[in-house]
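*Asks:*
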Amino acid sequence: MTGYWTGRRRDSLAGYLFVAPQVLGVLLFVLLPVGLAVFYSFNTWNVFTGEMTFNGGSNYADLVNDPQLPKVLLATLFFSGGVVVLNLTVGLLLAVLLNRRFPGVTAFRAIFFSPVVVSVVAWTLVWGFLLQDNGGINGVLSVVGIDGPNWLQQGPTAMVSVIFAQVVRSVGVNVVLFLAALQGVPRELYEAARVDGAGSRKVFFGITLPMISPTLLLTGIITVVGALQAFAQIAVLTQGGPGVSTTVLVYYVFQQAFEFNNIGYGSTLALMLLSFVLVLTILQWQLRRKWVFHEE
Amino acid sequence: MKSDRLVRRAVWYIALVVLCLPFVVPTVWMVTSSFKPLREIFATPPTLFAKNPVVGAYSEAFDFQPFGRQYFNSVYIAVVVTVIVLLVSSLAGYAFARIRFPGRNVLFVVVLTGLLVPSETTIVPLFQMFKRAGMINTHWPLILVTSFAGPCVLATFIMRQFFIALPLELEEAARLDGLGRVATWWRIGVPLSKPAASAVAILTFMSSWNLYLEPTVYITTPELFTLPQALTRFTDAYGGNMWNVQLAGASLTVVPVLLVFVLAQRQFVEGIAHSGLKG
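Respectively, the protein sequence lines represent chains A and F.
So the first sequence is numbered by UniProt numbering: it starts at 1 and just counts up by one.
So the second sequence is numbered by UniProt numbering: it starts at 1 and just counts up by one.
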């Protein structure tokens with residue numbers, strides 16, 4: 001035995017045993033399900049018998065024929081786009097404001113981060129309460145004589161509401177990432193600019209923004225991917241309504257698969273979501289590798 | 001000149017405080033309104049603090065649903081998941097960083113796919129798998145998937161990055177002293193990786209604590225509900241929200257996370273910022 005079990009072989013065995021739980025876990029709970037999803041996407045599931053019947057590409061044809069899907073994709077685009085634009089601009093603004101020394105700066109940083117502490121559902125419930133027709137926001141508006149809309153019951157304001165609630169909850173994380181990036185900008189650059197007499201606006205657009213643009217772009221992609229997976233926010237605040245105005249893709253997957261029992265079509269939509277996330281994440285990793293290389 | 005600076009400073013603080021409002025008012029409102037009678041919650045103009053605080057909503061929360069049980073469910077699931085993830089990710093992260101074995105890179109890529117695939121994509125087939133295994137309406141899906149898929153893969157990635165950056169010398173001494181791999185990992189790797197492990201722990205706890213889609217799909221018995229799911233079920237016979245009870249329940253769910261945030265603010269913020277690694 002000892003002849004076969006050289007130090008190197010024993011080491012390899014240790015390596016396999018160390019990674020085994022993680023590797024098996026991913027095979028069982030990630031890769032096998034993805035394979036099954038591909039299988040389901042070529043089948044029709046009979047709710048009553050529980051049988052799968054091969055249907056060629058009919059679920060994929062449904063992607064084109066489904067009259068709801070364009071609206072769903074448009075809602076997904078609005079939601080993700082709105083979240084990313086607001087998240088980046090507000091996040092950057094807050095990071096710049098908080099990237100100075102003044103009394104109370106730590107308290108302010110904690111406050112902007114604090115919604116992360118509140119669970120997603122609790123946070124969303126409170127916003128649902130505040131956004132009701134007779135809720136807190138319209139109550140405050142009525143004090144200054146404005147008759148506020150029934151936020152969650154009209155398409156456009158419902159979309160604005162879910163975007164806003166999501167941004168306020170999640171922007172604190174981006175502020176942390178941006179603050180780290182801002183503090184990584186070499187001080188000499190600012191000093192040189194000041195010697196050259198550049199104004200603060202010029203310093204911001206000429207130095208700060210280009211220097212932190214890698215972080216901005218990466219954070220942007222992370223934010224889009226996060227927005228593509230925002231289920232609880234939609235489910236609690238609007239249930240995709242009114243109509244389908246806030247039915248984003250991830251909520252539509254849930255409806256098709258678990259409310260209408262369309263396992264086949266639901267899986268096809270789920271794979272569509274996967275492809276979106278895949279493209280964005282690979283893009284992010286490529287960009288990150290490129291920049292890491294340049295930094296060296 | 002001096003008063004000019006003072007005015008500027010005042011404007012600066014007022015602007016910051018106004019910006020803070022959407023971030024802090026919902027949370028404060030949630031807590032203060034949970035002490036209001038239902039009528040006062042909808043008062044115009046709205047009040048921030050209850051005129052005569054009542055705690056009825058809190059006891060009602062426990063009468064209406066097995067809320068104590070649900071609270072326990074959420075806590076124990078999050079703790080179990082966090083412990084498993086710490087163990088699995090530390091082992092895997094250490095091996096991927098330190099031990100050379102054939103196929104290491106291939107296996108690492110296989111693991112990384114767990115970062116790419118959103119849990120919303122796998123839940124449809126996972127539901128069928130767990131149904132076949134007789135695990136629907138149990139906590140097993142919530143524990144197993146979170147312990148090995150998404151959050152755990154992110155943890156493995158974080159741990160691997162940490163171990164790669166760690167100087168080799170400390171371990172080499174231990175290896176020369178004849179310590180095996182397991183002993184080296186346990187006595188040298190684990191104690192040194194505490195900063196990364198605390199980030200992983202906070203991140204994982206939050207992932208489990210916030211799960212909403214999964215319990216909604218897998219669990220139907222109120223005794224087995226987790227907190228996010230339970231919060232949405234405080235509705236009267238007509239399906240209307242029982243707001244004061246709901247807000248009382250929601251306030252209670254904040255307590256454990258708030259505690260960790262206050263006790264370990266730096267690790268907390270760093271841990272959450274790590275979630276940026278995940279696509």
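Positions of the beta carbon are idealized from the N, C-alpha and C atoms, including for glycine.
1) Does W123/A come within less than 8 Å of chain F when only Cβ atoms are used?
2) So, at 8 Å on beta carbons, what are the nonlocal neighbours of T223/A in its own chain, with the 5 sequence-adjacent residues on each side left out?
3) Considering only residues of the same chain and omitting the five flanking positions on each side of L258/F, which have a CB-CB separation below 7 Å?
4) Pick out the complete beta strand (DSSP E) segments inside the stretch 118-159 of chain A, 3 residues or longer, and give them in chain order.
5) For A75/A, does the count of other Cβ atoms within 10 angstroms reach 16, so buried, or fall short, so exposed?
6) Per DSSP, what kind of secondary structure is W140/F in: helix, strand or coil?
7) Please report the residue range of the beta strand (DSSP E) in which M52/A lies.
8) Measuring only between beta-carbons, confirm whether W5/A sits less than 8 Å from chain F.
9) Name, going along the chain, the residues of the stretch 201-217 of chain F whose beta-carbon falls closer than 7 Å to a beta-carbon of chain A.
10) What residues from chain A crowd round R187/F, counting only those whose CB sits closer than 8 Å?
11) Could you work out which residues of chain A lie near A92/F, taking near to mean beta carbons separated by less than 8 Å?
12) Please work out which residues of its chain come closer than 6 Å, Cβ to Cβ, to F261/F, disregarding the five sequence neighbours upstream and downstream, and give them in chain order.
13) Under 8 Å between C-beta atoms, does Q246/F make it to chain A?
14) Is DSSP giving A32/F helix, strand or coil here?
15) Hey, quick one: how far does the beta strand (DSSP E) through N99/A stretch, first residue to last?
16) On the DSSP letters alone, give me the boundaries of the beta strand (DSSP E) that W45/A sits inside.
17) From the beta carbon of P115/A, is the nearest beta carbon of chain F less than 8 Å away?
18) Closer than 7 Å, Cβ to any Cβ of chain F: which residues of the stretch 143-163 of chain A, in chain order?
19) Going by C-alpha to C-alpha distance, which of F113/A, F54/A, Q183/A, L237/A sits closest to F159/A?
20) Using a Cβ-Cβ cutoff of 9 Å, what residues of the stretch 102-127 of chain F are near chain A? List them in chain order.
21) At 8 Å on the CB atoms, spell out the chain F contacts of S12/A, in chain order.
22) Decide yes or no for the touch test of the stretch 226-244 of chain F against the stretch 154-167 of chain F: beta carbon pairs closer than 8 Å, at least 3 of them.
23) I'd like to know whether the C-beta of V185/A is nearer than 8 Å to at least one C-beta of chain F.
24) From G172/A to L73/A, what does the alpha carbon distance come to, in whole angstroms?
25) What would DSSP say about T232/F, mapped onto helix, strand or coil?
26) Can you grab the Cα-Cα spacing for the pair L177/A / T156/F, in whole Å?
27) Quick one: residues in its chain with C-beta nearer than 7 Å to the C-beta of L125/A, no 5 flanking neighbours on either side, listed in chain order?
28) Where do the N-terminal and C-terminal ends of the alpha helix (DSSP H) with D177/F fall, by residue?
29) Does the contact criterion of 3 or more C-beta pairs under 8 Å hold for the stretch 50-63 of chain F versus the stretch 236-246 of chain F?
30) Got a sec? Which residues, its chain only, sit under 7 Å from A133/A by beta carbon, not counting five neighbours each side?
31) By the criterion of Cβ-Cβ separation under 7 Å, what are the contact partners of R181/F in chain A?
32) Check the Cβ of L88/A against every Cβ in chain F and list those closer than 9 Å, keeping chain order.
33) Starting from the beta carbon of F23/F, find every residue of chain A whose beta carbon is closer than 8 Å, and list them in chain order.
34) Applying the 10 Å Cβ sphere with the 16-neighbour rule, what's the burial state of K36/F?
35) Let me confirm a value: R98/F is counted as buried when at least 16 other C-beta atoms fall within 10 Å, else exposed. Which label applies?
36) Under 8 Å, do V110/F and V38/A count as touching if we go by C-beta distance?
*Replies:* Concretely, from the data shown:
1) Chain F has a Cβ within less than 8 Å of the Cβ of W123/A.
2) V83, V84, N87, L88, S170, N174
3) none
4) none
5) buried
6) helix
7) 52-54
8) no
9) W209, N210, Y212, L213, V217
10) None at all; the shortest Cβ gap to chain A is about 15 Å.
11) F18, V19, P21, Q22, V23
12) F268
13) yes
14) Here residue 32/F turns out to be Thr, not Ala, going by the sequence shown. Helix.
15) That residue, N99/A, is in no beta strand (DSSP E); it is neither H nor E in DSSP.
16) 43-45
17) yes
18) V143
19) Per the sequence shown, the amino acid found at residue 159/A is Met instead of Phe. Ranked by how close their Cα comes to the Cα of M159/A, the residues F113/A, F54/A, Q183/A, L237/A have L237/A in first place.
20) P102, G103, R104, L107, F108, V110, V111, L112, T113, G114, L115, L116, V117, P118, S119, E120, T121, T122, I123, V124, P125, L126, F127
21) I99, R100, F101, P102
22) no
23) no
24) 27 Å
25) coil
26) One C-alpha to the other measures close to 21 Å.
27) V236
28) Here D177/F belongs to no alpha helix (DSSP H), and DSSP marks it neither H nor E.
29) yes
30) Looking at the sequence shown, residue 133/A is not Ala but Asp. Excluding residues within five positions, the ones whose Cβ falls inside 7 Å are N150.
31) D11, A14
32) Correct list: empty, because the minimum Cβ distance to chain F is about 13 Å.
33) I111, F112, S114, P115, V168, G172
34) buried
35) buried
36) Cβ atoms of V110/F and V38/A: not closer than 8 Å.
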